[in-house]
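Some notes on the structure that comes next.
In my numbering, the protein residues as written are 51 to 194.
See the structure below:
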């Protein structure tokens with residue numbers, strides 16, 4: 051098991067990657083990012099953006115990430131789709147929207163597929179319900 055992001059999230063899979071984005075002026079930026087997956091939350095993946103101002107975490111469905119590597123997928127705040135980078139390299143576009151703004155990120159497809167392969171080794175697709183502990187979630191909610 052690895053600690054990812056700020057060290058507060060225990061995960062079964064964590065992969066450090068670099069994602070690219072463009073600002074409003076068309077200037078390309080690279081952002082250090084940690085993709086993480088925990089069998090205790092088998093339906094979700096997290097992207098932790100490591101910045102000098104602190105870490106920012108986005109959590110969304112693992113199935114969305116998996117589907118988005120093959121074809122455009124997503125409704126609402128997160129959209130994922132295959133893409134081609136400026137260098138012609140296979141990429142995955144991850145589009146995040148919130149009331150605070152909109153960001154389109156490009157991650158190397160090989161990195162995303164490596165991460166997905168590692169998560170599948172922990173919890174196979176279709177067996178997430180077997181790994182999900184609803185009783186634990188309920189007790190945690192009631193204890194809050």
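Just so it is clear, CB atoms sit at the ideal spot from N, CA and C, and this is done for glycine as well.
Decide yes or no for the touch test of the region 166-181 against the region 97-107: beta carbon pairs closer than 8 Å, at least 3 of them. Contact annotation: the region 166-181 does not touch the region 97-107, with fewer than three C-beta pairs closer than 8 Å.
Rounded C-alpha distance that separates residue 210 from residue 89: Nothing can be reported for residue 210: it is not among the residues displayed for the chain, which extend from 51 to 194.
Candidates 82, 116, 100 and 127: which alpha carbon is nearest residue 93's? Across the set 82, 116, 100 and 127, the C-alpha of 116 shows the shortest separation from the C-alpha of residue 93.
Should residue 166 go down as buried or exposed, given a rule of 16 or more other Cβ atoms within 10 Å for buried? It counts as buried.
Buried or exposed for residue 144, going by 16 or more other Cβ atoms inside 10 Å? Classification of residue 144: buried, given that the 10 Å Cβ count is 16 or more.
Limits of the beta strand (DSSP E) - the one that residue 82 falls within: That run of the beta strand (DSSP E) goes 78-87.
Around the Cβ of residue 160, are there at least 16 other Cβ atoms within 10 angstroms (buried) or fewer (exposed)? Residue 160 should be labelled exposed.
6 Å Cβ shell around residue 65 - same chain, five flanking residues per side excluded: For residue 65, where only same-chain residues beyond five positions count, the Cβ hits under 6 Å are 85 and 165.
I'd like to check one pair, residue 98 with residue 83: are the Cβ atoms closer than 8 Å? Cβ distance < 8 Å, so residue 83 and residue 98 count as in contact.
Hey, residue 147 and residue 127 are a contact pair by Cβ (cut 8 Å); roughly how many whole angstroms apart? Right, the Cβ-Cβ distance comes to about 5 Å (below 8 Å), so this counts as a contact.
Going by DSSP, what residues sit across from residue 104 in a beta bridge? Checking the DSSP bridge columns, you'll see residue 104 partnered with 101.
Where does the unbroken alpha helix (DSSP H) through residue 159 begin, and where does it stop? Element bounds for residue 159: 159-172.
Just to confirm the assignment, what range does the alpha helix (DSSP H) spanning residue 181 have? Counted as a single uninterrupted DSSP element, the alpha helix (DSSP H) harbouring residue 181 occupies residues 178-181.
Tell me which same chain residues have a C-beta within less than 7 Å of the C-beta of residue 197, skipping the five on either side of it? Here the chain covers residues 51 to 194 and nothing more, so residue 197 does not appear.
For residue 67 and residue 87, the rounded distance between their alpha carbons: So the alpha carbons of these two residues sit roughly 14 Å apart.
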